[in-house]
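Colleague: In our numbering, the protein residues as written are 201 to 879. Before we start, here is the structure in question, set down as structure tokens.
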Ligand code: GAL
């Protein structure tokens, strides 16, 4: 892996996202000086600067960016350059309106903001290669430019898929390559149902504007198709950057809970992943259904620790890839960056509170503990024009340091050594399962993310460091594997899991595991299809629970209440650990175990936590009993203990102030009591 720093960094490094094109040129040198004085090492630039880099077709203006980079370089700052493809300029769009994408209502998504392009547009592909080549020829070997970001946040504003135009036109050829014949396509999608059979490839359109819901298999393949487009779009840029920017890293800044494409496919070919972390906006805007209003109110000024940590762990695991081999070095470094870190208010959530005093330091420490090598704050100075004037930066609009600035200045980076995250428990995550799961939730309150995050939160409340990875990754070396919502399980996947379980790795599965075939249908022999041997059971019944309706569960884990979802099993070798009590599932199996496989059929936070505790305890994983809002993470030779509550807490022999962190030795364990005490 190409590392951004020629010397191996020992500690977390910091950066910022800056926009020299937004301010007069006499600000560049003083800004760079302040950035360096603040201790920042990296500046990301130019991801939206196409109209300034190429004001007219084929006419480039590099002078301003040359000067801005020179100002950063004069202060020893390292530059992360971007390909400016999220913002094709007006002259290009008006000359080639076919570049524009279509929304689900069949309307054109117009010029006038950003991300106004269709990944399938051949014209746009050509211009993307052209501008990438031009920028990379100019700066690929610039000594101050140490790395590259492709585009900006693929999928942002719902732009992963276009439902008309170039994408729709390209879809039939993608299907033909996948299925070969129309008979195979009709069979795979089950098109006989409602006479949806096709007799010509050209008859197949995007799965929108149908009278009622489109065929879920059609939707699943449209998602796969669109995801492949994003992967190939980026691959074209990466290829050019490898040629023209030798020795520099190439990354992309992924998004919070983004589900529009298969991130494992899109990350392939990058040196490491980065993501954009906006904890308060995430809680307001992206929190999975099931995260209640009370939690949103309580954590309004910090965001929720586990939702943020989940995203860190997704992106730390991305480079391990689908085959578990990852890129050279990826598995060993654990490294990722936070390319954009919230450092004040955001502007895009329904409510955009000021972060709590201490929140910027809290977020930075957490990012480090979950494996970030660099945290880069968005943005340097608050924008004085256009869409994002309500958004904070490290500097206010008037250039005075804002609240986040002081917190960054107060960080002691020697507390944060770079090193591996010792996560030995794997949590499996898969975008295809997400797509088909959410296409037919059956219980509105329980999405793929909500189910997955519930298991993640339970693990974090037990003090477990989690490695999120793809279900086809190499699972050897993990002490236990948790698969909360992997509903799409092809035969080969089932066989690999079975081999791992036989080799001694305990598995915990959530409801709807192995319900679907790769085509999106159900197995004709029912859930668990090819996984039936491992689970020693078959699905008996599933129940969708509206808010307010619960299903009791009784057994050795205490009495629990399932919300949203309860499914029961007909055991065939498995042992029943817990049973439904009352309601239509009364007396049926709710939690089952067969050798190393445990399946939890009921969606209940307390039950999930109890079963995980049982399985992980049995596997020798050290467990804690953490109060809500207090979290423990380990990295290198340190332990980070954080309190995300807006009030002080005493726990484990530590007095933790409101919204605060303490860094302790790697062998630290709590000394007393389990309870939380507010102060
Ligand atoms: C990100 C985006 C940035 C900026 C930021 C505001 O999603 O990458 O360009 O818009 O949000 O919070």
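Just so it is clear, CB atoms sit at the ideal spot from N, CA and C, and this is done for glycine as well. Bear in mind the structure is a predicted one, so any value in this text is a computation, not a measurement.
Which whole-angstrom value describes the C-beta separation of residue 464 and residue 546, a residue pair presumed to lie in contact below a C-beta threshold of 8 Å?
Modeller: Residue 464 to residue 546, Cβ: 28 Å. No contact.
Colleague: May I ask which residues mark the beginning and end of the beta strand (DSSP E) holding residue 585?
Modeller: Where residue 585 is concerned, there is no enclosing beta strand (DSSP E), given that its DSSP letter is neither H nor E.
Colleague: Would you call residue 747 buried or exposed, if buried means 16 or more other Cβ atoms sit within 10 Å of its Cβ?
Modeller: That one is exposed.
Colleague: Return helix, strand or coil for residue 259, following the three-state DSSP convention.
Modeller: Correct three-state label for residue 259: strand.
Colleague: If contact is defined by three or more beta carbon pairs under 8 Å, each pair taking one atom from either stretch, is the region 745 to 765 in contact with the region 779 to 794?
Modeller: Touching, yes, given that three or more Cβ pairs across the two stretches are closer than 8 Å.
Colleague: Assuming residue 564 and residue 611 form a contact by the criterion Cβ under 8 Å, report the distance between their Cβ atoms to the nearest whole angstrom.
Modeller: Going by Cβ atoms, the distance from residue 564 to residue 611 rounds to 6 Å, so yes, they are a contact pair.
Colleague: Can you tell me whether DSSP reads residue 415 as helix, strand or coil?
Modeller: Coil at residue 415, not helix or strand.
Colleague: Could you have a look at residue 617 and say whether DSSP puts it in helix, strand or coil?
Modeller: Strand, per DSSP.
Colleague: Candidates 850, 249 and 835: which alpha carbon is nearest residue 161's?
Modeller: In this structure the chain extends from 201 to 879, so residue 161 is not present and cannot be described.
Colleague: Please classify residue 395 as buried or exposed, where buried requires at least 16 other C-beta atoms within 10 Å of its C-beta.
Modeller: The residue in question, residue 395, is exposed, as its Cβ has fewer than 16 Cβ neighbours within 10 Å.
Colleague: Along the chain, where does the beta strand (DSSP E) that runs through residue 843 open and close?
Modeller: Unbroken beta strand (DSSP E) run through residue 843: 838 to 843.
Colleague: Contact between the region 235 to 247 and the region 266 to 280 is defined here as three or more beta-carbon pairs at a separation below 8 Å; is this criterion met?
Modeller: The answer is yes - the region 266 to 280 touches the region 235 to 247, with three or more Cβ pairs under 8 Å.
Colleague: In terms of alpha-carbon separation, which member of 384, 765, 758 and 557 lies closest to residue 651?
Modeller: Cα-wise, what sits closest to residue 651 is 765.
Colleague: Please find out if some non-hydrogen atom of ligand 2 comes closer than 7 Å to the beta-carbon of residue 282.
Modeller: Ligand 2 is not part of this structure, which contains only ligand 1.
Colleague: List in chain order: all unbroken beta strand (DSSP E) runs of 3+ residues lying wholly within the region 731 to 777.
Modeller: Qualifying beta strand (DSSP E) stretches, in chain order: 737 to 744, 751 to 754, 760 to 762 and 765 to 771.
Colleague: Could you tell me the alpha carbon to alpha carbon distance between residue 247 and residue 714, rounded to whole angstroms?
Modeller: About 41 Å.
Colleague: Grouping DSSP H, G and I as helix and E and B as strand, with all else coil, what is residue 468?
Modeller: Note: residue 468 maps to coil in three-state DSSP.
Colleague: Residue 286 bridges to which residues according to DSSP?
Modeller: Note: residue 286 sits in no beta bridge, so no partner.
Colleague: Going by other Cβ atoms of all chains shown within 10 Å of its Cβ, with 16 needed for buried, is residue 357 buried or exposed?
Modeller: By the 10 Å Cβ count, residue 357 comes out exposed.
Colleague: My output table needs one value for residue 455: the three-state DSSP class, helix, strand or coil.
Modeller: Coil at residue 455, not helix or strand.
Colleague: In three-state terms, what does DSSP make of residue 669?
Modeller: The answer is strand: DSSP assigns residue 669 an E or B state.
Colleague: Can you tell me whether residue 264 is helix, strand or coil according to DSSP?
Modeller: In this structure, residue 264 counts as helix in the three-state DSSP scheme.
Colleague: Where do the N-terminal and C-terminal ends of the beta strand (DSSP E) with residue 510 fall, by residue?
Modeller: No beta strand (DSSP E) contains residue 510, which is instead part of the alpha helix (DSSP H) from 505 to 517.
Colleague: Quick one: what's got a C-beta closer than 6 Å to residue 352's C-beta in the same chain, skipping five residues either side?
Modeller: Closer than 6 Å at the Cβ level, and outside the excluded window around residue 352, lie 247 and 286.
Colleague: For residue 832, list the residues DSSP reports as bridge partners.
Modeller: 841.
Colleague: Would you say residue 293 and residue 311 are within 8 Å of each other, going by their C-beta atoms?
Modeller: Contact flag set, yes.
Colleague: Regarding residue 591 and ligand 1, is the C-beta to nearest heavy atom distance less than 7 Å?
Modeller: Indeed, a heavy atom of ligand 1 lies less than 7 Å from the Cβ.
Colleague: At which residue ranges does the region 277 to 322 contain complete beta strand (DSSP E) runs of 3 or more residues, listed in the order of the chain?
Modeller: Entirely contained in the region 277 to 322, the beta strand (DSSP E) runs reaching 3 residues are, in chain order, 278 to 282.
Colleague: For a quick check, are the C-beta atoms of residue 318 and residue 366 less than 8 Å apart?
Modeller: Yes. Within cutoff.
Colleague: Is the separation between the beta-carbon of residue 639 and that of residue 444 shorter than 8 Å?
Modeller: No, they are not a contact pair.
Colleague: Secondary structure at residue 721, three-state DSSP: helix, strand or coil?
Modeller: If DSSP states are grouped into helix, strand and coil, residue 721 belongs with coil.
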